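Beneath this line is the structure, given in structure tokens, with notes to follow.
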């Protein structure tokens, strides 16, 4: 019926109702006093009511209900009531005010390990405590907030939502610069930043002022015409992964004419190098293919180079380029010269200068030349080069910033070619252009940008990288670690990485070591690879005659390893120079290598050592002394250890292997002096027999 | 009366509009329509992986749909499901020309064993399920996993690969693989700490197990035990869990 009432009638009724209410409440002093008191009471009750009905109290009540039925309810309740109400972790020097523990009440309750519902989960074991760093340092979000929405999500007043568990390792990277055992994703991401050459174009400054260095070593294109053809460059530019699935070169999504013009320019722009090609006579006999394959194996090429097998798996090392279709790429005359001495074409290559004989070179050239894919260049037909193509190619090479990675004659490496990423992890959202439908958060933006850079605009220059989902996440994690906090937090918190070493051995030996690329596999004084044992103290470790013989013809020390020292065909003079240098320079100050005799130990001590070897210390689990009985294939074979190692080295190694070579897997047995001496005596009897000596 | 009727219709219409706007969220119209149906669902690869909590597993999970004869079926619809926190990319899809569908799996944020299910339907709308599990490591278990890989797996892993050789086959006394829950679950944390720290003879076992107490830190050994407990099969029940069940 209310609908039927006219406008004026309604007004009148409302006015009279108001008047009546006013008279009822404030019609006299007593009534007025009573009403005001009532209003005051209600307004006073608002605060406690709000508190009572708050979100966090709801969770605390839920928690109390959860623990009530548990066996250790009393302990849990006591822990809870020690601090109920709003909780706060306040760390003024870090700028941390975190109230997360108000709802996340059970973070430290070990007996709640089985509870899977949030916010009552136990925090997983990490090396830090809550009171040390609070929560938002690692998890982001708004620490002082006391509602779920404000604490976890991005609001108008707070940009950084909770960091998804997927990227949480990035937070470790804010302080820890060196790789950590517990953060494989972060370590991988940092590795990829260098390996995929991201930092050629994007500068990343670290809090200590250094910059991240690329580790991919893209080849110089100054003499490219000596090495390969225009057709191959064209096919490679169009799709690098069609040539080699493991290639790190990104795809620039070039049109056919653009790829043609760039390849034309690169060939036309190339200058020849004297001696980087060898004329090949036509009437050479086709070498034996199996001999080529076995030479490839004997030279341990696969330690650095991978080949894709029939099942599609890429097998081999990743130090050098993949060789699956290398026959499509390199000219045989270049390959011969490269195998003879790679340093003529590229002085800084990681490839050692094997001293192959001419016959070996032609064997390998023929073997590698046969690694082709007939489909790769089948459809590449380029018309003759024109000056317009060359000019346009040069323009494109400048525009795409090819010289950021590759050396190209006449084109300077551009500075700051791409945006700097030094603080990308804290980039303000207002500076970011999100795609429609994307979550407005930094991690989503970074991941999308790496996954498909050109989805943010077809005209963008950033190329398409070929990355697995786990690699994209790893890169995102590494970039998210580059926050304002990483740069501005107190220096005492940062855990620096080991400074990069630029150790350089001196003199003739130094030149030889560079020529043989020893540092590609061995580390000395902090510089070098980890494929082979470090040599920093090699001179204290081995005996001179053994080292000399080993350098000339490396034998097998660890039979189970697939990566072994290759034979370089060193001349006597070169081997002597290297041996002298290693024996003199690479010594530890911890002991004198000649302080213990190499033979003449009492038979009783030797026998005691034998028994310790086989019983108390059970060394045969990993080592072989008697090839007929022992089956330990993990550590080096010890059948000739008495001719290889110094007694003093063995003794000190037994006492503490990790002190001699950090990170070695042989456990420290905390051996007493007597046992160590007896074992040393026994091991020193394991010498090369005179018959073997004569054979050598 | 006409006015009332007008107002009423207006009210009803607007009410309908409001309810329509509130309820009909734009549902992801299932554009995937299977073109063919299979009779069996098998795992091709990607099961039994070990990853870290929250992260994407290194290898995708690949399943294959076969028909009665065991030949691959193209165009069958497969959907993936997992416990809370697990995400699949894509969560469902049609099998490719080799009858396979591949999905990238990100595990949840709690360490533990995650049971994943893939399912497809036969022509008669019968559900076929395939179950597989993956293990998520927390920070501590990850540290243990790395230590295992460096030190222990050289003997305790029955599988030997060229990249990481294991001497398991050559040992006179066979070590227990860490997944051997039947044996290892019966050993207390204190037992495991003793045998790792002081070697086999500490528990009257083979001297082939050397002591690692002078090589690994205390937290390292704890991490190793946490890892062993996590991967054991049958699963190890933590003290907390047993307590809760009482």
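Chains as they are written, first to last, in our numbering: chain A, 117 to 812; chain B, 2 to 247. Backbone N, C-alpha and C define an ideal beta-carbon position, used for all residues, glycine too. The structure displayed is predicted, hence computed values, not measured ones.
Taking the alpha helix (DSSP H) that residue i belongs to, which residues open and close that run?
i	result
residue 660(A)	660-668
residue 340(A)	340-343
residue 268(A)	264-268
residue 53(B)	Note, residue 53(B): premise wrong, no alpha helix (DSSP H); beta strand (DSSP E) at 51-53.
residue 759(A)	757-760
residue 132(B)	Run containing residue 132(B): none in the alpha helix (DSSP H); it sits in the beta strand (DSSP E), 128-138.
Name the chain A residues that come within less than 7 Å of residue i, Cβ to Cβ?
i	result
residue 163(B)	678
residue 57(B)	585, 586 and 589
residue 140(B)	240, 241, 242 and 298
residue 212(B)	783 and 785
residue 147(B)	297
Counting along the chain, where does the beta strand (DSSP E) carrying residue i start and finish?
i	result
residue 114(B)	113-122
residue 82(B)	78-82
residue 205(A)	205-207
residue 107(B)	101-107
residue 46(B)	41-46
What in chain B is Cβ-close to residue i, meaning under 7 Å?
i	result
residue 786(A)	215
residue 727(A)	Ordered by position in chain B, no residue passes the 7 Å Cβ test against residue 727(A), which lies about 12 Å from the chain.
residue 732(A)	208
residue 301(A)	53 and 56
Can you pull the chain B neighbours of residue i, defined as C-beta to C-beta under 8 Å?
i	result
residue 774(A)	216
residue 749(A)	166, 168 and 171
residue 280(A)	55
residue 820(A)	Since the first residue shown for chain A is 117 and the last is 812, residue 820(A) is missing from the structure and cannot be characterised.
Would the beta-carbon of residue i fall within 9 Å of that of residue j?
i	j	result
residue 763(A)	residue 166(B)	no
residue 766(A)	residue 728(A)	no
residue 673(A)	residue 743(A)	no
residue 783(A)	residue 634(A)	no
residue 122(B)	residue 104(B)	no
residue 831(A)	residue 408(A)	Shown here, chain A extends from 117 to 812; a query on residue 831(A) therefore has no answer.
residue 57(B)	residue 107(B)	yes
residue 85(B)	residue 67(B)	no
residue 157(B)	residue 140(B)	no
residue 75(B)	residue 98(B)	yes
residue 270(A)	residue 594(A)	no
residue 611(A)	residue 291(A)	yes
residue 124(B)	residue 78(B)	no
residue 690(A)	residue 628(A)	yes
residue 479(A)	residue 411(A)	yes
residue 442(A)	residue 350(A)	no
Beta carbon of residue i: closer than 8 Å to some heavy atom of the ligand NAP?
i	result
residue 232(B)	The ligand content of the structure shown is nil, which means the ligand NAP is not present either.
Taking residue i as the reference, give the member of the options with the closest Cα.
i	options	result
residue 710(A)	656(A), 755(A) and 751(A)	656(A)
residue 678(A)	282(A), 414(A) and 132(A)	414(A)
residue 506(A)	687(A), 563(A), 437(A) and 373(A)	373(A)
residue 534(A)	287(A), 578(A) and 528(A)	578(A)
residue 112(B)	98(B), 74(B), 95(B) and 138(B)	138(B)
residue 135(B)	124(B), 173(B) and 55(B)	55(B)
residue 300(A)	544(A), 591(A) and 321(A)	591(A)
residue 540(A)	733(A), 331(A), 369(A) and 276(A)	276(A)
residue 389(A)	461(A), 303(A), 795(A) and 639(A)	461(A)
residue 101(B)	236(B), 208(B) and 39(B)	39(B)
residue 796(A)	768(A), 780(A) and 805(A)	768(A)
residue 723(A)	641(A), 801(A), 311(A) and 667(A)	801(A)
residue 432(A)	597(A), 498(A), 267(A) and 680(A)	680(A)
residue 791(A)	739(A), 305(A), 749(A) and 733(A)	733(A)
residue 375(A)	314(A), 668(A) and 501(A)	501(A)
List, in order along the chain, the chain A residues whose C-beta lies closer than 8 Å to that of residue i?
i	result
residue 90(B)	585
Residues of chain C with CB closer than 7 Å to the CB of residue i, please, in chain order.
i	result
residue 284(A)	Annotation note: the requested chain C is absent from the structure, which comprises protein chains A and B.
Give the interface partners of residue i over in chain A, defined as CB-CB distance under 9 Å, in chain order.
i	result
residue 112(B)	240
As an exercise, report each continuous alpha helix (DSSP H) stretch of at least 4 residues that is fully enclosed by the segment 128-200 of chain A, in chain order. 145-168, 171-184 and 189-198
Starting from the N-terminal side, write out each stretch of the alpha helix (DSSP H) that is 4 residues or longer and does not extend beyond the segment 223-253 of chain A. 246-249
In chain order, each alpha helix (DSSP H) run of at least 4 residues that lies wholly inside the segment 353-429 of chain A: 356-359, 372-385 and 405-414
Run through the segment 549-632 of chain A for me and flag every whole alpha helix (DSSP H) of 4 or more residues, listed as ranges in chain order. 558-567, 585-596, 600-604 and 623-631
Quick one: which unbroken beta strand (DSSP E) runs of 3-plus residues sit fully inside the segment 472-514 of chain A? Chain order, please. The segment 472-514 of chain A is shown to contain no whole beta strand (DSSP E) run of 3 or more residues.
To test your reading of the DSSP string, which unbroken alpha helix (DSSP H) runs of 4 or more residues are found completely within the segment 655-728 of chain A? 660-668, 688-701 and 719-727
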